[in-house]
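One structure is given here, and the rest of the page talks about it.
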Amino acid sequence: DQQVKQNSPSLSVQEGRISILNCDYTNSMFDYFLWYKKYPAEGPTFLISISSIKDKNEDGRFTVFLNKSAKHLSLHIVPSQPGDSAVYFCAASEDSNYQLIWGAGTKLIIKP
Amino acid sequence: DAMVIQNPRYQVTQFGKPVTLSCSQTLNHNVMYWYQQKSSQAPKLLFHYYDKDFNNEADTPDNFQSRRPNTSFCFLDIRSPGLGDAAMYLCATSGRGNRIEKLFFGSGTQLSVL
């Protein structure tokens, strides 16, 4: 039972355009969401997070939107740069729990 | 810089030959995790330590063991590696507090089994 789903295995975007990565979840107890970026042969690095009390969080070129009623979050990258080419994982957690529940990842390819 | 360090980056072992992967952290985090990741898949949690308390995932094979001799170090022992254990093994930490906020990952150890 996949509690966190990233339905697009890959996404190709032109450099300079907006990249939108999507994530859906089923567990209504999740109250904290994170995005991680992973390059090949490296560990994931934290990108941005959002608490369920917010519906938007921005950090430079990265913005995460949370729609609790739809149990959906998205990561926007504007403008997309070649260095953004990586696999992006969505993850979720609930209060007092030390586990992150991960999506399967979306491979983002930025075309020059 | 405070960080999570994994050694070695690449490990080759023979089928059935025990192997140990190591992880150290300078973040003074009380929670340490071991994940297994196969290509194009989400990281799979094997176990985690909350301080010295060991928490095994229900579906982690007995072939995988772990030790945490102190706050800074954690080891993953694979007693009899099979071909299916070839994967990236990731160590991660999270800080003090009553919930996880984010994980800090090491660079991983890529394990090959011949």
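Residue numbers (this note's numbering), protein chains in the order written: chain A, 53 to 164; chain B, 7 to 120. Cβ coordinates follow ideal geometry from the N, Cα and C atoms, glycine included.
Given Ser72 (chain B) as reference, the closest of B:Gln17, B:Leu51, B:Leu120 once Cα atoms are compared: B:Leu51
If you draw a straight line from the C-alpha of Met81 (chain A) to the C-alpha of Glu146 (chain A), how long is it? Cα-Cα distance, rounded: 6 Å.
Classify Gln47 (chain B): buried if its beta carbon has 16 or more other beta carbons within 10 angstroms, exposed otherwise. With fewer than 16 Cβ atoms within 10 Å of its Cβ, Gln47 (chain B) is classed as exposed.
Does the count of Cβ pairs from the segment 126 to 135 of chain A and the segment 75 to 87 of chain B closer than 8 Å reach three? no
Quick check on the burial criterion: 16 or more other C-beta atoms within 10 angstroms. Buried or exposed for Pro24 (chain B)? exposed
Taking 7 Å as the CB-CB limit, is Leu86 (chain A) close to chain B? yes
Comparing the C-beta of Val37 (chain B) with each C-beta of chain A, is any distance below 7 Å? yes
Are Lys89 (chain A) and Tyr150 (chain A) close, meaning C-beta to C-beta below 7 Å? no
In chain order, what residues of the same chain have a beta carbon less than 8 Å from the beta carbon of Leu120 (chain B), not counting five sequence neighbours either side? Val18, Thr19, Gln20, Phe21
Do Leu125 (chain A) and Leu118 (chain A) come within 7 Å of each other at the CB atom, strictly closer than that value? For Leu118 (chain A) and Leu125 (chain A), yes; Cβs fall inside 7 Å.
Assuming Gln121 (chain B) and Tyr16 (chain B) are in contact, meaning their beta carbons sit under 8 Å apart, how far apart are those beta carbons, in whole angstroms? With chain B covering 7 to 120 only, the question about residue 121 (chain B) has no answer from this structure.
Determine, using beta carbons only, whether Gly95 (chain A) comes closer than 7 Å to chain B. yes
Kindly identify the DSSP beta-bridge partner or partners of Gln66 (chain A). A:Lys163
Of all the options B:Cys97, B:Ala93, B:Phe110, which has the alpha carbon lying nearest to the alpha carbon of Gly40 (chain B)? In the sequence as displayed, the identity of residue 40 (chain B) is Trp instead of Gly. B:Cys97 is the residue among B:Cys97, B:Ala93, B:Phe110 whose C-alpha sits nearest the C-alpha of Trp40 (chain B).
Coil, strand or helix - Leu89 (chain B) by DSSP: helix
Are the CB atoms of Ala156 (chain A) and Gln55 (chain A) nearer to each other than 7 Å? In this structure, Ala156 (chain A) keeps its C-beta atom at 7 Å or more from the C-beta atom of Gln55 (chain A).
Using a Cβ-Cβ cut-off of 7 Å, state whether Pro14 (chain B) counts as contacting chain A. False, the Cβ-Cβ gap to chain A never drops below 7 Å.
Closest Cβ-Cβ distance between Phe117 (chain A) and chain B: below 7 Å? Contact of Phe117 (chain A) with chain B is not assigned, every C-beta pair being separated by 7 Å or more.
List, in order along the chain, the chain B residues whose C-beta lies closer than 8 Å to that of Ala156 (chain A)? Ser46, Gln47, Ala48
Can you tell me the Cα-Cα spacing of Gly114 (chain B) and Gln66 (chain A), whole angstroms? 30 Å
By alpha-carbon positions, which one of A:Ala138, A:Glu110, A:Leu86, A:Ser148 ends up nearest to Val130 (chain A)? The residue from A:Ala138, A:Glu110, A:Leu86, A:Ser148 with its alpha-carbon nearest to that of Val130 (chain A) is A:Glu110.
Cβ distance (whole Å) where Ala138 (chain A) is taken to contact Leu160 (chain A) below 8 Å: 6 Å
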